[in-house]
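Everything below concerns the one structure shown next.
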Amino acid sequence: MANLRDPYQAPYQEIIAIASEDGKQIELIECFDCIGGGMWVAKHYAQSPLVTSVRKVGTTIRYHITPGSAELPLAGSKFPAGISGAKVSDTEIAVSYLGMGGGGVGASVCRAGAKGVLRAETTPCGGGKLAGSTLHLRRMERVIIGIDDTDTPEVGATWALTHNIAREVEDDNSRYLSHTITQLFPVAQRTKNCVAVAIEFATTEPDVLIDRVQQLVEQYTLSDKTGMVAFRGFDPAPLEEYAWMVKRGEITLESMESIKHYLDIRIGGSGIIGAAAAIPLYTRFDEALELCGNP
Numbered sequence: 367m368a369n370l371r372d373p374y375q376a377p378y379q380e381i382i383a384i385a386s387e388d389g390k391q392i393e394l395i396e397c398f399d400c401i402g403g404g405m406w407v408a409k410h411y412a413q414s415p416l417v418t419s420v421r422k423v424g425t426t427i428r429y430h431i432t433p434g435s436a437e438l439p440l441a442g443s444k445f446p447a448g449i450s451g452a453k454v455s456d457t458e459i460a461v462s463y464l465g466m467g468g469g470g471v472g473a474s475v476c477r478a479g480a481k482g483v484l485r486a487e488t489t490p491c492g493g494g495k496l497a498g499s500t501l502h503l504r505r506m507e508r509v510i511i512g513i514d515d516t517d518t519p520e521v522g523a524t525w526a527l528t529h530n531i532a533r534e535v536e537d538d539n540s541r542y543l544s545h546t547i548t549q550l551f552p553v554a555q556r557t558k559n560c561v562a563v564a565i566e567f568a569t570t571e572p573d574v575l576i577d578r579v580q581q582l583v584e585q586y587t588l589s590d591k592t593g594m595v596a597f598r599g600f601d602p603a604p605l606e607e608y609a610w611m612v613k614r615g616e617i618t619l620e621s622m623e624s625i626k627h628y629l630d631i632r633i634g635g636s637g638i639i640g641a642a643a644a645i646p647l648y649t650r651f652d653e654a655l656e657l658c659g660n661p
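Sequential numbering from 367 applies to the sequence shown in this note's numbering.
As structure tokens, this is what we get:
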């Protein structure tokens, strides 16, 4: 007969926290193993006063949180668990959880042992108890790297190369969060499908990360048109209008002038047009894949 190590815990795999430069916005990214638990949490935690939005992205739940503290009017079945506090310092982000019954188990011990947690204070949980925890996480920043035109009509695939590079550069200081393929307007000079890729990271070493990605793209690209650009910041929304221009029609390099100050251009081939367009649509998969034109 099997012996379950701890039959009443379903630990989270990893928890990551990103803060805006001014510390007024937090994105909390929880990587779960139990799908049912992740969906339950997304449903109920959305009611927390500090939570402004909740998104499911692959096997992660992403919460946008406003720093502060809040009383949670917990009630069985209706609002059994939530986020009750969040605080940003220069190097750390602290997040407090509270839950009832099984929700208290998830709010305490299931999160306390996750990768990315520096330290945690938890209260006893289980049965019908009210329980919670405060997790201390490293304060990280978002880096989104756009890449296009690494292949040729004969060989290669940018989507695969970018994923493999992201996995290769990932370490404890730079966590690979997402990979998004963006369908561009199918221009005549395309390789075939006319897509660009954005790879997203949470990092404490942005310059080191971008340098490592650049080195590998330069090593493995098969094209002399390769473009690679990086965005550092909480929200790439200022690039969105440009992205839709690239999805809806053919544009020139001159059209990038208005957005260049948002970007760190590392490899300057004509592929930077699509590389930059992929960045603001990261994790917005349906919009990113929408085909807007067919010449």
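Think of the CB as a built atom: it goes at the ideal place given N, C-alpha and C, for glycine as much as any other residue.
Backbone CA spacing between Tyr411 and Val417 [nearest angstrom]: In the sequence shown, the residue the question calls residue 411 occupies position 45. In the sequence shown, the residue the question calls residue 417 occupies position 51. The alpha-carbon atoms of Tyr411 and Val417 are separated by roughly 7 Å.
Residue burial classification, Glu393 (beta-carbon count within 10 angstroms, cutoff 16): Within the sequence shown, numbered from 1, the residue matching residue 393 stands at position 27. Label assigned to Glu393: buried.
Buried/exposed call for Arg614, threshold 16 Cβ in 10 Å: Translated into positions along the sequence shown, residue 614 becomes position 248. Counting Cβ neighbours within 10 Å, Arg614 comes out exposed, since fewer than 16 surround it.
CA nearest to the CA of Ala641, picked from Val612, Glu623, Glu616 and Ala562: Residue 641 sits at position 275 when you count from the first residue of the sequence shown. Comparing Cα-Cα distances from Ala641 to each of Val612, Glu623, Glu616 and Ala562, the minimum goes to Ala562.
Beta carbon of Ala643 nearer than 8 Å to that of Tyr608: In the sequence shown, counting from the first residue as 1, residue 643 sits at position 277. In the sequence shown, counting from the first residue as 1, residue 608 sits at position 242. Result yes, Cβ atoms of Ala643 and Tyr608 sit closer than 8 Å.
Inter-residue CB distance, Leu588 and Thr500 (contact presumed, cutoff 8 Å): Numbered from its first residue, the sequence shown carries residue 588 at position 222. Numbered from its first residue, the sequence shown carries residue 500 at position 134. At roughly 49 Å, the Cβ-Cβ gap does not stay under 8 Å, so Leu588 and Thr500 are not in contact.
DSSP three-state assignment for Lys409, whether helix, strand or coil: Looking up residue 409 in the sequence shown gives position 43. Correct three-state label for Lys409: helix.
Three-state class that DSSP yields for Tyr628 in the structure shown: On the sequence shown, position 262 is the one that residue 628 refers to. Helix.
Contacting residues, own chain, Cβ-Cβ under 6 Å from Thr592 (five flanking each side not counted): Within the sequence shown, the letter at position 226 stands for residue 592. For Thr592, where only same-chain residues beyond five positions count, the Cβ hits under 6 Å are Asp515, Thr516, Ile633, Gly635 and Gly637.
Pairwise C-alpha distance: Ile384 and Ile617: Position 251 of the sequence shown, counting from 1, holds the residue named residue 617. Position 18 of the sequence shown, counting from 1, holds the residue named residue 384. Rounded to the nearest angstrom, the two C-alpha atoms are 33 Å apart.
Residue from Ser540, Thr548 and Gly389 whose Cα sits closest to the Cα of Leu575: Position 209 of the sequence shown, counting from 1, holds the residue named residue 575. Considering only Ser540, Thr548 and Gly389, the residue with the shortest C-alpha distance to Leu575 is Ser540.
Backbone CA spacing between Asp590 and Val521 [nearest angstrom]: Sequence index remark: in the sequence shown, residue 590 carries index 224 (1-based). Sequence index remark: in the sequence shown, residue 521 carries index 155 (1-based). In a straight line, the C-alpha of Asp590 is about 14 Å away from that of Val521.
Member of Leu550, Asp456 and Tyr378 whose CA lies at the smallest distance from the CA of Ile427: Numbered from its first residue, the sequence shown carries residue 427 at position 61. Closest by alpha carbon: Tyr378.
Whole-number beta carbon distance between Ser544 and Glu571, since they are thought to touch under 8 Å: Translated into the one-based positions of the sequence shown, residue 571 becomes position 205. Translated into the one-based positions of the sequence shown, residue 544 becomes position 178. The Cβ separation is near 19 Å, so there is no contact.
Beta carbon of Lys481 nearer than 8 Å to that of Glu380: Your numbering for residue 481 matches position 115 in the sequence shown. Your numbering for residue 380 matches position 14 in the sequence shown. Yes. Within cutoff.
Where Thr646 falls, given that 16 or more other Cβ within 10 Å makes a residue buried: Within the sequence shown, the letter at position 280 stands for residue 646. Note on identity: in this sequence residue 646 is Pro, with Thr being the wrong assignment. Flag for Pro646 reads buried.
Residue span of the beta strand (DSSP E) that contains Thr500, given as start and end: On the sequence shown, residue 500 is found 134 positions in, with the first residue counted as 1. It spans Leu496 to Asp514 - the beta strand (DSSP E) in which Thr500 sits, taken as one unbroken run.
Met367 (DSSP reduced to helix, strand or coil): In the sequence shown, counting from the first residue as 1, residue 367 sits at position 1. It is coil, neither helix nor strand.
Neighbourhood of Trp525 by C-beta, 6 Å cutoff - its chain only, sequence neighbours within 5 removed: Reading the sequence shown from its first residue, position 159 is the one you call residue 525. The answer, listed in chain order, is Ile547 and Val563.
Beta-carbon contacts of Leu582 that lie in its chain and below 6 Å, excluding the five residues immediately before and after: Within the sequence shown, the letter at position 216 stands for residue 582. Closer than 6 Å at the Cβ level, and outside the excluded window around Leu582, lie Ile531.
Whole-number beta carbon distance between Phe600 and Glu458, since they are thought to touch under 8 Å: Walking along the sequence shown from the start, residue 458 turns up at place 92. Walking along the sequence shown from the start, residue 600 turns up at place 234. At roughly 17 Å, the Cβ-Cβ gap does not stay under 8 Å, so Glu458 and Phe600 are not in contact.
Assigned secondary structure, Gln581 (DSSP; H/G/I helix, E/B strand, else coil): Position 215 of the sequence shown, counted from the start, is the residue given in the question as residue 581. Of the three classes helix, strand and coil, the one that applies to Gln581 here is helix, per DSSP.
Residue interval of the beta strand (DSSP E) (run including Lys453): Start at 1 with the first residue of the sequence shown, and residue 453 comes out as number 87. Here the beta strand (DSSP E) through Lys453 covers Ala447 to Val454.
Val483 to Leu503 span [Cα, whole Å]: Translated into positions along the sequence shown, residue 483 becomes position 117. Translated into positions along the sequence shown, residue 503 becomes position 137. Distance between the alpha carbons of Val483 and Leu503: 5 Å.
Chain C contact for Arg632 (CB, 8 Å cutoff): The structure shown contains no chain C; it is built from a single protein chain.
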